[in-house]
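There are 2 protein chains.
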Amino acid sequence: MRDPLAPIPRRPDAWLDSTPMSSHWMPAQPGDKLADIDTPALVLDLDRFDANLERMMAAAAAAGVRVRPHAKSHKSLQIAHRQVAAGAVGVCCQKIGEAEVFLGGGVRDVLITNEIVGVRKLRRLAQLAKVFSGARLGVCVDDFSVVRQLSLVCAEEDAGLDVYVEVDVGQNRAGVATPEEAVELAREVMRHPRLTLMGLQAYAGSAQHRRGVPERRDAARRAAAKAAAARSQLRESGLACEIVTGGGTGTFIYDANGDVYDEIQPGSFIFMDADYARNQADTDAPQFEHSLFILATVMSLRGDRATLDAGLKAFSTDSGPARPTFTGWHIHAVSDEHSMLTRIDESGPAIRLGAKALLIPGHCDPTVNLHDWIVAVRKGKVEDVWRIDARGMVF
Amino acid sequence: MRDPLAPIPRRPDAWLDSTPMSSHWMPAQPGDKLADIDTPALVLDLDRFDANLERMMAAAAAAGVRVRPHAKSHKSLQIAHRQVAAGAVGVCCQKIGEAEVFLGGGVRDVLITNEIVGVRKLRRLAQLAKVFSGARLGVCVDDFSVVRQLSLVCAEEDAGLDVYVEVDVGQNRAGVATPEEAVELAREVMRHPRLTLMGLQAYAGSAQHRRGVPERRDAARRAAAKAAAARSQLRESGLACEIVTGGGTGTFIYDANGDVYDEIQPGSFIFMDADYARNQADTDAPQFEHSLFILATVMSLRGDRATLDAGLKAFSTDSGPARPTFTGWHIHAVSDEHSMLTRIDESGPAIRLGAKALLIPGHCDPTVNLHDWIVAVRKGKVEDVWRIDARGMVF
Numbered sequence: 001m002r003d004p005l006a007p008i009p010r011r012p013d014a015w016l017d018s019t020p021m022s023s024h025w026m027p028a029q030p031g032d033k034l035a036d037i038d039t040p041a042l043v044l045d046l047d048r049f050d051a052n053l054e055r056m057m058a059a060a061a062a063a064g065v066r067v068r069p070h071a072k073s074h075k076s077l078q079i080a081h082r083q084v085a086a087g088a089v090g091v092c093c094q095k096i097g098e099a100e101v102f103l104g105g106g107v108r109d110v111l112i113t114n115e116i117v118g119v120r121k122l123r124r125l126a127q128l129a130k131v132f133s134g135a136r137l138g139v140c141v142d143d144f145s146v147v148r149q150l151s152l153v154c155a156e157e158d159a160g161l162d163v164y165v166e167v168d169v170g171q172n173r174a175g176v177a178t179p180e181e182a183v184e185l186a187r188e189v190m191r192h193p194r195l196t197l198m199g200l201q202a203y204a205g206s207a208q209h210r211r212g213v214p215e216r217r218d219a220a221r222r223a224a225a226k227a228a229a230a231r232s233q234l235r236e237s238g239l240a241c242e243i244v245t246g247g248g249t250g251t252f253i254y255d256a257n258g259d260v261y262d263e264i265q266p267g268s269f270i271f272m273d274a275d276y277a278r279n280q281a282d283t284d285a286p287q288f289e290h291s292l293f294i295l296a297t298v299m300s301l302r303g304d305r306a307t308l309d310a311g312l313k314a315f316s317t318d319s320g321p322a323r324p325t326f327t328g329w330h331i332h333a334v335s336d337e338h339s340m341l342t343r344i345d346e347s348g349p350a351i352r353l354g355a356k357a358l359l360i361p362g363h364c365d366p367t368v369n370l371h372d373w374i375v376a377v378r379k380g381k382v383e384d385v386w387r388i389d390a391r392g393m394v395f
Numbered sequence: 001m002r003d004p005l006a007p008i009p010r011r012p013d014a015w016l017d018s019t020p021m022s023s024h025w026m027p028a029q030p031g032d033k034l035a036d037i038d039t040p041a042l043v044l045d046l047d048r049f050d051a052n053l054e055r056m057m058a059a060a061a062a063a064g065v066r067v068r069p070h071a072k073s074h075k076s077l078q079i080a081h082r083q084v085a086a087g088a089v090g091v092c093c094q095k096i097g098e099a100e101v102f103l104g105g106g107v108r109d110v111l112i113t114n115e116i117v118g119v120r121k122l123r124r125l126a127q128l129a130k131v132f133s134g135a136r137l138g139v140c141v142d143d144f145s146v147v148r149q150l151s152l153v154c155a156e157e158d159a160g161l162d163v164y165v166e167v168d169v170g171q172n173r174a175g176v177a178t179p180e181e182a183v184e185l186a187r188e189v190m191r192h193p194r195l196t197l198m199g200l201q202a203y204a205g206s207a208q209h210r211r212g213v214p215e216r217r218d219a220a221r222r223a224a225a226k227a228a229a230a231r232s233q234l235r236e237s238g239l240a241c242e243i244v245t246g247g248g249t250g251t252f253i254y255d256a257n258g259d260v261y262d263e264i265q266p267g268s269f270i271f272m273d274a275d276y277a278r279n280q281a282d283t284d285a286p287q288f289e290h291s292l293f294i295l296a297t298v299m300s301l302r303g304d305r306a307t308l309d310a311g312l313k314a315f316s317t318d319s320g321p322a323r324p325t326f327t328g329w330h331i332h333a334v335s336d337e338h339s340m341l342t343r344i345d346e347s348g349p350a351i352r353l354g355a356k357a358l359l360i361p362g363h364c365d366p367t368v369n370l371h372d373w374i375v376a377v378r379k380g381k382v383e384d385v386w387r388i389d390a391r392g393m394v395f
C-alpha cells in the first residue's frame, strides 16, 4: 500500500505535450461491431438515415420546392454533402462559425437563418462572404440599424451578401411583425448595393411540435398565410421576393404543398427524436424513422436498478430524458454522467453489468452538439466515424 | 440581384485546409472590456472565483480534511492548477478522458469517482496508470468481476492503480449496499497486488440539493453514518481504510466537520449556479457567490420581448433556464440558439438591440461542458481566456 499522504514527485515535463488529447479519442473504427463501440457514443443507423433523406427529397420534388436542410441539427460536413448529393440546394445554419465550417468544407450555398447583431460579428460575416465570394452566403434581418451596419462592413471588406427579411409567422421570437414592416425593411435592403434582397425567412418553430395533425396543419397554414401576406405586399411594392424559405420537420409537408414556400428548411427529419415521436403522425406525409441513438453501457447494477454511463453530458434533457429502445425499463433520473434505468414491467430484457443499451435522445439538435463523433453504422457494423465538425460553434 | 437558381462554381480546393476552424475562435483577448466579449460566452468573475476557492480551503483546513475538488465541474487545467496551488491534494473526475487531460496537464493526483466497466475502457485506464506511474490515479469499484478484470489488465500493462470501494450512502446510483458487501469487495481488491486498496468512496449526490438546512444536514449525516459503518467493518476485518472520500458543495460543511470524511470532493462551489442558489443558506457555513455567467446579446427586440443569442447550446436547462442577473425580466422560453427575455415588471433596465446580458446558468457542470473557452474577467476587464481542456470528454 502506498502512503496516501506521501509527496508525489513532479512529472517529467515531456508528458505535457506527448499525451494524446481525448477529443481525438474515437469511439470506434470502421468494421467494429455495434457492441464494440466505446460508450457513451452517438450512433447513426445509416440505412434509416438514407431512407429518411430519400423520403424528404422525394416529397419535396413531388411538391416542386427546394430543400435547404438545417445543418444546426447535424453540424457535420459528411451529412451536409450527402444532403447536397441527394438534391439539397445547400444548408441552413444559425451561427457564423457554422457557416465557416460548411463553406470551408465545400458546401457552396449557406443561409444563416438568424439575425447577426454587433459590428464584431457583422465584420466576421462580411469577411467570410469575401473569402467565399464564389459561393452563396445569406443572412436574415429584422432591424434597420443592422441592415445599415451590414452594408457598411460589406463595403469595408469588399463583400456582398444575400439578405432575407425575417417575418414573424407565429414563433414570437424574431422577425418583423407586419407586411408593412417587411416592405419598409426590404426597401432599406434595396438601398445598399452590397446586399442582395432574396426574399423572406418565415419559420414557425412552435408549430413543429403541435401534437395533433389538425393543430399542426392549421398552425403551418396560419404561418404560411402571414408569409404570403408579406410576399404580396413586397411584390405590390415592386420589390423582389424570389424565395420564401422556412418550415421544419413537423410542418414541411404542409409548407411544401402550399403555394407560399419556395424552399423548406427541415433539420431533424434525418435523425428524429423522442420529442418528434410524440407528434401524431400524418398518414398522408412520409414517415421518418429514428436513426440517431445514444449507445450506453450498464456500469453498475443492483437488482432492477441499472446505472448507465450516459447522462447530461451525452444527451440533452430539455425535451425529456432519452428513451430506451427496449421495453420494460425506463430512465427515471439523469445526472451529469449517469442515467438510472429502472424496471417498470417484466416485458423487457434481463440486464447484466457491461451490457450496452441503445437510447433515443429526447431532442436531437442539442444532443448532437455534445459529441465530437457520430459513429455511422449499417446492419450492426461500423461503416465510418464522422466528426461533428461544427460542434460547439456558438459564435 | 443574383439569380438564386444559377449554378454555383466549385470552390477552389485550397480553402478546405486554409479556413480557420471555429473551435479556435476565441471570444475575447486579454485586456478586452466585458462588453467587448463575443457572445454567447462563458464568463468567470475571477475575484469571486478566488474568494470562493479561498473560503473552501479555509473551511477544510479548519476542519482538518483534505480537499479534492471535482474537476467535472470546470474541466479546466488552469482551474485545477489554481486549486492545487491553494492546497487541494489533486482533483476528482468521472471519465478516463478527463483523467488523461489532468494527468497529462501536470495534475499529480487524480481520482475517478466512478466505476469503469468493460475491458476496452479498463485497458485504457491501466495504460494511463502505466504512463503516469509516478503520479496517483484512483478508481472506484462496486463489483467483483470488474476488480478481477482490472487486476488482469493492470498485470498485462504492468500498471498499478489506487482503488476505492464505492458505498451507496443514499444516492441509489452505484456502490455496494451494505458494510458486509464493502468488506467482501475490499477483500477481493486486497487479493490483487496491482491494486492498492485506499478506502471508501461515499458520495450522497441527492443530499446536495435538499433545500432546507435541517434536511440537508440530516441527509449528509445519514450518508456519513453509512460510510462510517462500512469503515468500521473494514477496520474490524483488518482491512485498510486510509481515506473516506465524498461530499459536495451542498453538504461539505457537515462532511468536513463530522468525524467520517478524510477528504471532500466539492465541485460547484467555485462557480455556483441558479440551482444551488435555491438551497437555503446555512449561516454557520462559508457562503459562495455566483462567479460563472453566460454573456449574451440581444439579437432581436420587439417592445418588451427580447431575443438573446444564447440557448440550449450555450447553457443546460436540466435545472431550469438561466436567470438574468438584473431584475424586471425573466427567460420564459429557450430554444437551440435563443432565449426569450420578457419583462415581468418595471424594476429592470430598458433593453436595446445589441445590449449584452449576464445570465446565471441553472446548472454549472453541463453548461461548462458546452463551451470551448472560459473568459476570465477581473473588475470588468478580461484577464485571460482559458481552454476548457476536458470539454466533451465522455469516454
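For the record, the sequence lines run as chains P and L.
Per my numbering, the first sequence starts with residue 1, numbered consecutively.
Per my numbering, the second sequence starts with residue 1, numbered consecutively.
Ideal placement from N, C-alpha and C gives every residue a C-beta, glycine not left out.
The structure presented is a predicted model; accordingly, all values stated were derived computationally and were not measured.
If you run the structure through DSSP and keep just helix, strand and coil, what is residue i?
| i | result |
| --- | --- |
| Leu-185(P) | helix |
| Thr-249(P) | coil |
| Cys-241(P) | coil |
| Asp-365(L) | helix |
| Met-21(L) | Low confidence applies here, because Met-21(L) scores a pLDDT of 49, under 50, leaving its location unreliable; read the following figure in that light. In this structure, Met-21(L) counts as coil in the three-state DSSP scheme. |
| Met-26(L) | coil |
| Leu-137(L) | strand |
| Met-299(P) | strand |
| Arg-55(L) | helix |
| Ile-270(P) | helix |
Mind checking residue i: buried by the 16 CB within 10 Å criterion, or exposed?
| i | result |
| --- | --- |
| Ser-316(L) | buried |
| Gly-134(L) | exposed |
| Pro-179(L) | buried |
| Gln-29(P) | exposed |
| Gly-104(P) | buried |
| Glu-215(L) | exposed |
| Asp-345(P) | exposed |
| Asp-259(L) | exposed |
| His-332(L) | exposed |
| Gly-97(L) | buried |
| Ala-61(P) | exposed |
| Pro-9(P) | A caution first: Pro-9(P) carries a pLDDT of 46, below 50, which makes its placement in the model unreliable, though a value can still be read off. So Pro-9(P) counts as exposed. |
| Ala-256(L) | buried |
Tell me the DSSP bridge mates of residue i?
| i | result |
| --- | --- |
| Val-43(P) | Phe-293(P) and Val-375(P) |
| Pro-324(P) | Leu-359(P) |
| Cys-154(P) | Looking at the DSSP assignment, Cys-154(P) forms no beta bridge with any residue, so it has no partner. |
| Ala-333(L) | Met-340(L) |
| Leu-308(P) | Val-298(P) and Ser-339(P) |
Please list, in chain order, all residues of the same chain as residue i whose beta carbon is under 6 Å from its beta carbon, the five residues on each side excluded.
| i | result |
| --- | --- |
| Glu-319(P) | Reading off the sequence shown, one finds Ser at residue 319(P), where the question assumed Glu. Hits under 6 Å: Asp-275, Gly-362 and His-363. |
| Leu-42(P) | His-371 and Ile-374 |
| Gly-169(P) | A quick correction: the sequence has Val, not Gly, at residue 169(P). Ala-202, Ala-204, Ala-223, Lys-226 and Ala-227. |
Could you pull out every residue in the same chain whose Cβ sits closer than 8 Å to the Cβ of residue i, ignoring the five residues on either side in sequence?
| i | result |
| --- | --- |
| Leu-312(P) | Val-334, Ser-335, Asp-336 and Glu-337 |
| Gln-149(P) | Val-119 and Leu-122 |
| Ala-219(L) | Gly-170, Ala-204, Ser-206, Ala-207, Arg-210 and Thr-251 |
What residue does the alpha helix (DSSP H) around residue i start on, and which one ends it?
| i | result |
| --- | --- |
| Asp-218(L) | 213-236 |
| Glu-100(L) | 96-104 |
| Arg-124(L) | 119-131 |
| Leu-77(L) | 77-85 |
| Ala-277(P) | 274-277 |
Over the uninterrupted beta strand (DSSP E) stretch that includes residue i, give me the two end residues.
| i | result |
| --- | --- |
| Gln-201(L) | 195-201 |
| Ser-73(L) | First-last for Ser-73(L): undefined, no H or E at that position. |
| Asn-114(L) | 109-115 |
| Val-385(P) | 381-387 |
| Tyr-164(L) | 161-166 |
Counting only the same chain and skipping the five closest in sequence on each side, list residues whose C-beta sits under 7 Å from that of residue i.
| i | result |
| --- | --- |
| Ala-240(P) | Leu-197 |
| Arg-211(L) | Arg-278, Asn-279 and Gln-280 |
| Ile-360(L) | Asp-273, Ala-274, His-290, Phe-293, Ala-322, Arg-323 and Thr-325 |
| Ser-347(L) | Thr-327 and Gly-328 |
| Met-340(P) | Arg-305, Thr-307, Ile-331, His-332 and Ala-333 |
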